[in-house]
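**Q** In the numbering used here, the protein residues as written are 108 to 265. From the three backbone atoms N, C-alpha and C, an ideal C-beta is built for every residue, glycine too.
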């Protein structure tokens with residue numbers, strides 16, 4: 108089932124990228140950044156629901172593939188929006204350095220998440236709760252930061 112879920116995620120990322128390349132209007136930076144981040148948490152909770160409700164490999168593969176496809180479509184949107192904004196706002200001579208720093212920071216944080224979630228998955232028998240609670244924390248975190256994000260975006264005229 109994992110290969111089916113990962114393939115659906117990849118297909119969603121491809122479709123999300125195509126949708127973003129066809130997008131004609133550029134006036135929705137705030138919405139294209141914040142709404143997908145909140146939806147990521149919702150979709151993570153849905154994935155936990157799939158693992159909680161379905162028991163057979165076929166049903167987990169089918170329902171999980173749908174959820175992972177949605178996740179792929181949604182997760183790529185803020186990534187593209189931020190990359191485009193970086194390219195527009197960072198001077199060309201610094202763009203390579205800034206991008207390298209961001210990629211390095213992301214690469215350094217990934218092993219911490221892997222260690223944390225590996226420990227959780229080994230300790231918690233009902234693994235689906237990890238997805239549900241992580242989704243709730245993700246939504247709560249974004250909502251808690253929303254006033255500050257909106258203030259910063261207002262200063263930048265978004």
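1. Can you give, in chain order, each stretch of the beta strand (DSSP E) that sits fully within the stretch 127-172 and has at least 3 residues?
2. Taking contact to mean at least 3 C-beta pairs separated by less than 8 Å, is the stretch 182-201 in contact with the stretch 156-174?
3. When you compare only the Cα positions, how much space is there between residue 236 and residue 201?
4. Between which two residues does the alpha helix (DSSP H) holding residue 251 run?
5. Whose CA, out of 227, 252, 175, 137, lies closest to the CA of residue 118?
6. Just to confirm, are residue 188 and residue 140 a CB contact at a threshold of 7 Å?
7. Pairs of beta-carbons, one from the stretch 209-220 and one from the stretch 142-162, closer than 8 Å: are there three or more?
8. With residue 148 and residue 243 assumed to form a contact (beta carbons below 8 Å), what rounded beta-carbon distance in angstroms separates them?
9. Taking all protein chains shown into account, decide if residue 261 is buried (16 or more other Cβ within 10 angstroms of its Cβ) or exposed.
10. Does residue 231 come out as helix, strand or coil in the three-state DSSP assignment?
**A** In brief:
1. Within the stretch 127-172, no beta strand (DSSP E) run of at least 3 residues lies entirely inside it.
2. no
3. 43 Å
4. 235-262
5. Closest option to residue 118, Cα to Cα, is 175.
6. yes
7. no
8. Yes, they are in contact, since the Cβ atoms of residue 148 and residue 243 sit about 7 Å apart, within 8 Å.
9. Taking every protein chain shown into account, the CB of residue 261 has fewer than 16 other CB atoms within 10 angstroms, so this residue is exposed.
10. Residue state, collapsed to three classes: coil.
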